[in-house]
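Here the numbering used here is used: the sequence shown runs in plain steps of one and ends on residue 272.
I have placed the structure first, in the form of structure tokens, so that the comments after it can refer back to it.
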Amino acid sequence: MKTDNKKASTKKSETQADYEIQLPTEANLAKIAQDMRLTAEQAAALQDAVCHAFSQIGLYKQENHSPEKRKDLIARMRNLEKLLVKLDYEINRSKSYMSDYLPFDALEMIGLRSSPAFVKEVLGEKAISSSIDRQITSEFAEKGKVDLVKIDSFLRPVLQAVGLKHGPKLFGQYIKDLLTALVTWRLLNADGSKKRPTLVYRQHLVRILIVFSQEILGKRAAKSPNGKFVVLCEQVLTACGLQGSTIGPSIPKLVEEFYTSTDALRTKKK
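Here it is in structure tokens:
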């Protein structure tokens with residue numbers, strides 16, 4: 003009887019531990035960045051990736067949908083994915099012609115709906131003149147407050163011009179980012195219906211690190227079992243309290259599965 007009680011207690015504690023996940027401290031992430039020899043920009047990307055993963059996990063934990071409801075939502079996500087795949091394919095197929103057939107107001111609108119940070123991420127730092135930043139900074143210094151109307155007046159013509167010149171590229175990247183985000187969210191919810199939470203969270207964190215791998219490591223996540231990406235994942239998972247070393251051998255498979263699924267979506271002709 004005592005043995006049975008001990009087994010039950012152990013099982014209960016393990017189940018409870020499944021739900022324990024912690025956001026790494028700044029010191030933890032700084033240590034990882036130092037160990038991995040990341041630049042300041044790469045370290046910032048790592049922090050963005052971890053925060054993004056935790057925000058999705060937090061939302062997932064709050065939803066608490068029934069299995070039937072979650073199944074229906076996953077089916078709807080798949081339908082939306084299919085539509086985005088068609089759009090992504092069409093943009094890639096005709097991106098060299100989009101500036102010819104899209105009206106100027108549509109191209110300008112793409113630019114206006116893009117943040118300066120997104121424009122610089124897609125097109126490079128020189129896409130928006132540094133003089134614009136100086137003008138805005140000077141305005142803040144003079145008035146001592148943030149004037150959003152004034153900022154808009156500074157940026158509006160600049161973003162319109164960027165949209166006219168690079169609208170198709172910005173639009174294509176936006177759709178790719180949206181599709182990737184939807185795939186990772188759908189996989190998180192699909193996994194949750196059949197796996198223990200601890201495994202779901204670990205796999206989701208790895209997938210988000212795959213998405214951010216170019217920004218963090220300067221290259222796409224590799225499938226090498228002893229590569230830098232696997233080391234990064236193990237350190238991040240351990241900092242989250244998820245025993246990263248135990249998932250290490252499965253990370254290359256997760257990388258292959260994720261790229262196979264997303265690349266197939268984007269290249270599949272409809």
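The C-beta atom is built at its ideal place from N, Cα and C for all residues, glycine as well.
Enumerate in chain order the residues of its own chain whose CB-to-CB distance from residue i is below 6 Å, with the five nearest sequence positions on each side excluded.
i: L85; result: none
i: Q44; result: I218
i: M100; result: P170
i: V223; result: Going by the sequence as given, residue 223 is Ala instead of Val. Once the five neighbours on either side are set aside, the close Cβ partners of A223 are I212, S215, F231 and V257.
i: P118; result: I130
i: K4; result: Here K4 scores only 47 on pLDDT, less than 50, and its place in the model is too uncertain to base an answer on.
i: R209; result: T186 and F260
At what residues does the alpha helix (DSSP H) containing residue i begin and finish?
i: F231; result: K230 to A241
i: S215; result: S215 to L219
i: I112; result: F106 to L114
i: A119; result: P118 to L125
When DSSP labels each residue in this structure, what does residue i get in the three-state scheme?
i: I23; result: coil
i: Y97; result: The sequence as given places Lys at residue 97; Tyr does not occur at that position. In this structure, K97 counts as coil in the three-state DSSP scheme.
i: P227; result: coil
i: S131; result: coil
i: I249; result: coil
i: R222; result: coil
i: L256; result: helix
i: R188; result: helix
i: R198; result: coil
i: L244; result: coil
i: T262; result: helix
i: K271; result: A caution first: K271 carries a pLDDT of 44, below 50, which makes its placement in the model unreliable, though a value can still be read off. Coil, per DSSP.
i: K9; result: Residue placement at K9 cannot be trusted, given a pLDDT of 48 that sits under 50; what the coordinates show is reported in the next sentence. Here K9 sits in helix by DSSP.
Flag residue i as yes when its Cβ comes closer than 8 Å to any non-hydrogen atom of the ligand FAD, and as no otherwise.
i: K97; result: The ligand FAD is absent from the structure shown, which contains no ligands of any kind.
Cutting at 8 Å between CB atoms, please list the residues of its own chain near residue i, excluding the five before and the five after it.
i: L25; result: V52, C53, F56 and C242
i: E83; result: L181, L184, V185, R188 and L267
i: D135; result: none
I'd like the list of long-range same chain contacts for residue i, defined as Cβ closer than 7 Å, with 5 residues on each side in sequence excluded.
i: D90; result: I177, K178, L181 and R268
i: V124; result: K171, L172 and Q175
i: Y203; result: I23, I59 and L244
i: I112; result: G165, G169, L172 and F173
i: S132; result: none
Sequence ranges, beta strand (DSSP E) only - wholly within the segment 27-86, length at least 3: none
With three or more beta-carbon pairs closer than 8 Å as the criterion, would you say the segment 166-182 touches the segment 148-158? no
Tell me, please, whether the segment 233-241 touches the segment 33-44 by the rule of three or more beta-carbon pairs shorter than 8 Å. yes
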